[in-house]
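What follows is a short report on a single structure.
Protein chains: 2
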Amino acid sequence: MLTDMYQLTMCYAYWKADRHNLNSNFELFFRKPPFGGEITVMAGLDQVLSFLHNFNFTPSDITYIKKLLPSASPSFFTYLSSLDCSSVTVSAIPQGSLVFPRIPLITISGPLGICQLLETTLLTLINYPSLVTTNAARFRIAAGDDKVLLEFGLRRAQGPDGGFSASKYCIIGGFDGTSNVIAGKLLGEDVKVKGTHAHAFVQSFKGLEEVVFEEGTGGEKIKKSTLKYRRELHWEDTHEGELAAFISYADAFPSQFLALIDTYDTLGSGLKNFILVALALDDAGFKPAGIRLDSGDLAYFSSEVRKAFTKMSNQFDRDFFHKLMIVASNDINENVLQELKKQEHAITAFGIGTNLVTCQKQPALGCVYKLVEIEDQPKIKISQDIAKVLIPGRKHSYRLFGGDGSPILDLLIRENEPPPKVGERFLCRHPFEEQKRVFVTPSRVEKLSSLVWDGKNGVVGGMPTISASKERVKSQIKIMRGDHLRYHNPTPYKVSVSDALFKFLHQLWLDSAPVLELS
Amino acid sequence: MLTDMYQLTMCYAYWKADRHNLNSNFELFFRKPPFGGEITVMAGLDQVLSFLHNFNFTPSDITYIKKLLPSASPSFFTYLSSLDCSSVTVSAIPQGSLVFPRIPLITISGPLGICQLLETTLLTLINYPSLVTTNAARFRIAAGDDKVLLEFGLRRAQGPDGGFSASKYCIIGGFDGTSNVIAGKLLGEDVKVKGTHAHAFVQSFKGLEEVVFEEGTGGEKIKKSTLKYRRELHWEDTHEGELAAFISYADAFPSQFLALIDTYDTLGSGLKNFILVALALDDAGFKPAGIRLDSGDLAYFSSEVRKAFTKMSNQFDRDFFHKLMIVASNDINENVLQELKKQEHAITAFGIGTNLVTCQKQPALGCVYKLVEIEDQPKIKISQDIAKVLIPGRKHSYRLFGGDGSPILDLLIRENEPPPKVGERFLCRHPFEEQKRVFVTPSRVEKLSSLVWDGKNGVVGGMPTISASKERVKSQIKIMRGDHLRYHNPTPYKVSVSDALFKFLHQLWLDSAPVLELS
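Protein chains in written order, with the working numbering: chain Y, 1088 to 1606; chain C, 1088 to 1606.
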């Protein structure tokens, strides 16, 4: 029922014209990579497979659809009630793969009625996951492999499961953890849940008298020792409420003490209060975790914090200061990560919310779902915009690799053509510009799609897991040439067609396009 | 469980320090209206009330949280298990109201532990609904009251319930219908579900021989009569597959025949084929509905279509041609609607997807949830960015209206101050700039927030309905001065504080801000 009304009206019209069982082929693909880049990560396939498995109309759905289509013939609803995906075959590119324009991410074959009905849901289940996974992968590339990346976007996500999807697919795209508790609960061990405290926690304390511990408890020792260091360092002007909050937090989480230090005065109070409690915790045998910055000039503050840690390490001869995390989390986007690379800073981890999960730079991926063949008749959709012309017929897609192990281009061929072979020259053509041709002698050839669902067996080859998908993103990015990954003006990655497909497409196009008559 | 991890860690730290039952006050508000405009529509309150009603941790939640907080004291989990919203009081501005920066949309009072835990979920449930409702309201203002607006965004939405929320809140913001079937099913009569057919339907037909009806049926009559008009008008060169598709669709939906005419050649084939079938349907006693354009220059094509309809109406003396809808649906955004106003066009309805539901222009609203008071102690959060300084303490908000019935400004006062009165001068001050002051003598005073949840009774005043919320948006926009609603550089709407609140805020700020020592 998560679908557009016109799928139901079309389905009824197909059924009424007795065309619902024609054998059809649809392709799901996009035309332009998001965010001005070249790469896109395929994701959402796990959801698609669950959806295919569970697809059916319940009696209450049927009752509602009857209301929507009051004049439809009653036996149409018998047909609708009987529908499931047992007559459908689906191939797809594995989740976590880098994918490129016009290459079918998913190919759907089966009776026209059911295949048409799947359109909207498949698009919904692929568009946003692929978009946000791509975004996360780009953030990972921008941050570098040595930084910890945490997703903090739930509160700004587009709907509760917008937040849930974001958490899951950001992990696949290369993030290390999320703040989203339900994602952790439902997705298991692959999704690490992280979080410490907010400004409200610090603000809620007014003074040290609010923190009272029984004698001999761990908390009392930490408080005492903190105050001793405070006197020793002559830091008695730090904010007392903040210090009380830190002591309380350290008492609750002695092994995970990570403090937000910018509630009142980052360097003048927050940093100092953290150092005091951290020294006390170290005395008590715990390792403090670090600090978080949520405002101000993150590069400057992080460097100052690191300097202070180094100074303290020397002054008190404590090693732990070198291992403290410095987490930054204020309105960080891909551009900020790129800019930070060029400056001196000491941030070790980023908490990223709004820009990551809503994909601020481009909040939608334009995947489409197009009919390419019915009963062995190829279908074309002509458009005044060349980029929107459909490549008709059933096709196979391949990735051709060079001697250095990196992909040279992706290739579409007709279904019955001989595929490109290792060590043999293959003519690859631009789909629309006839003069753009290249001979490729691949060192490796990879077929991109494989069967993931058949009517008899259901899911083929297992459900994609988070860890395998994440690993795939990482390994595919690793072998991609750096100029395709570049932030500014990346080199376009070629998507070609075989000579036979080129000729087939253009003949069909000529045959279908009207010749204008002028007089 | 739809929350950030740090709410749980903070909750534990509050509990450990025995502060979880301190009486606290939080405010949910935003700092800047979205989309470069002045207005924002409050929405999501219905979801918030359901959430408050259902709030609790299940045994399986508790089991999972124990894993996340392995060193937490066991009796903390007894406390967590016992939590619900029966000790919480919530006031809010009614759903569908126009709201402005810094005015609390929701005020939450109760024990610190539970109030803190509500933060993330409340933000998630208000941020996106308010954003997308505002977007829809802006689209409605741009399109004018006489156009039909349909939401077609499900396939590009951020997650399935991103799509669901979009459908619901776009209706509230001023849309007339949605393509989203599940939204119609779950939300009832207030949500009209609309849709016809896609290009795939047209492409799936090759020629007229594919449309065969038994003699004497309605379909046969329509086909015959269509072909008769085709000969009469010498339109035998239109695309046969398209004509076959239109005849089939008309047979399935004779009273709702709305055809997508741009699959092959909008004016040369699609329009003509539509006219042929429409004439045949009219002969058979049905009223055709209209056409949809999904590509090309929408203003130009719609005008040409309208001209052709007028010509046909005269040629065949048929009135129905004047009543046909012309639906446009290709990548429409607010700017396109604004531009179309200035051109000649004949579009009567817009189907809008991606730009509407993902809020492309600004995909997140920045609502925040801030602690303003604990146990009668006002709380302030200082920031280097003045716009981020918190207005501390418990407050009331009012809207002051002028003699012409339109709002002059919104006003925040301290909780125990006398409110502004009709006919009496009231000094309203800019919260941060001391020289900006204005005396307002209101003709009407409206208290903005009211009690929506109390611990004993649960929801107070009933759940907001879609129709009442939609009506509220409409009526509030109607009385707002046009210059606040303007697309380009709208006049800022004032949000003021009373003199007492101004002084209170600035004294607290002075007391809390560190005085730097230079030497």
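We treat Cβ as the ideally placed atom computed from N, Cα and C, and that holds for glycine. These numbers come from a predicted model, not from an experiment.
- Per DSSP, reduced to three states, the secondary structure at Trp1540/C is strand.
- Cβ-Cβ distances below 6 Å link Phe1408/Y to Phe1396, Met1399, Ser1400 in the same chain, with the five nearest sequence neighbours on each side left out; the list follows chain order.
- Beta-bridge partners of Gly1197/Y (DSSP): Ser1111/Y.
- Taken through DSSP and simplified to helix, strand or coil, Pro1494/C comes out as strand.
- Bounds of the beta strand (DSSP E) holding Ser1178/C are 1176 to 1179.
- DSSP places Thr1221/C within a helical segment (H, G or I) once states are collapsed to three.
- Each residue's CA atom was taken as its position, placing Leu1385/C and His1432/C some 8 Å apart.
- Rounded to the nearest whole angstrom, the CA to CA distance from Pro1120/C to Pro1479/C is 21 Å.
- Met1412/C is bridged by DSSP to Gly1377/C.
- Nearest to Gly1355/C by alpha-carbon distance, out of Tyr1166/C, Pro1157/C, His1321/C, Leu1366/C, is His1321/C.
- Residues of the same chain with a CB within less than 8 Å of the CB of Leu1089/Y, apart from the 5 flanking positions on each side, are Thr1207, Thr1208, Thr1211 in chain order.
- Apart from the 5 residues on each side of it in sequence, Phe1163/Y sits with its Cβ closer than 7 Å to the Cβ of Tyr1099, Trp1102 in its chain, given in chain order.
- In the structure shown, the three-state DSSP call for Phe1116/Y is strand.
- Taking C-beta atoms as the reference points, Arg1243/Y and Thr1441/Y count as a pair closer than 9 Å.
- Contact check for Val1476/Y against Leu1592/Y passes: the beta carbons are separated by less than 9 Å.
- Here His1432/Y carries a coil assignment [DSSP, helix/strand/coil].
- For Leu1385/Y, no chain C residue has a C-beta closer than 8 Å to its own C-beta; the minimum C-beta separation is roughly 13 Å.
- Taking 9 Å as the threshold, the shortest C-beta distance from Ala1224/Y to chain C does not fall below it.
- The C-beta separation of Leu1452/Y from Ser1585/Y comes to about 27 Å, leaving the pair out of contact by the 8 Å criterion.
- The beta-carbon separation of Phe1239/Y and Ser1416/Y, rounded to 6 Å, stays under the 8 Å limit for a contact.
- Contact check for Gly1305/Y against Asp1091/C fails: the beta carbons are separated by 9 Å or more.
- Looking from the CA of His1286/Y, the closest CA among Phe1373/C, Asp1263/C, Ile1195/C, Lys1468/C belongs to Lys1468/C.
- Under the DSSP assignment, Tyr1256/Y falls in the alpha helix (DSSP H) whose first and last residues are 1247 to 1260.
- Any Cβ of chain Y closer than 9 Å to the Cβ of Lys1311/C would place that residue at the interface, and such an atom is absent.
- Of the residues Val1186/Y, Ala1179/Y, Pro1188/Y, Arg1189/Y, the one whose Cα lies closest to the Cα of Ile1195/Y is Ala1179/Y.
- Contact check for Val1298/C and Ala1104/Y: beta-carbon distance about 6 Å, within the 8 Å limit, so the pair qualifies.
- Three or more beta-carbon pairs separated by less than 8 Å are not found between the stretch 1247 to 1265 of chain C and the stretch 1261 to 1276 of chain Y, which leaves the two stretches without contact.
- By the Cβ neighbour-count rule, Val1278/Y is buried, with 16 or more other Cβ atoms within 10 Å of its own.
- Residue burial is scored here from C-beta neighbours: Phe1526/Y has fewer than 16 other C-beta atoms within 10 angstroms and is therefore classed as exposed.
- The straight-line gap separating the alpha-carbon atoms of Gly1197/C and His1571/Y is approximately 54 Å.
- When the beta-carbon positions are compared, Ala1339/Y and Pro1375/Y stay at least 9 Å from each other.
- Annotation for Ala1104/C: no beta strand (DSSP E) segment contains it, and DSSP assigns it neither H nor E.
- Close partners of Tyr1151/C in chain Y (Cβ separation under 7 Å): Lys1272.
- Around the beta-carbon of Ala1130/Y, 16 or more other beta-carbon atoms lie within 10 Å, marking it buried.
- Under the three-state reduction of DSSP, Ile1126/Y is assigned to coil, being neither helix nor strand.
- Against chain Y, the CB of Gln1290/C has a partner CB under 9 Å away; the residue lies at that interface.
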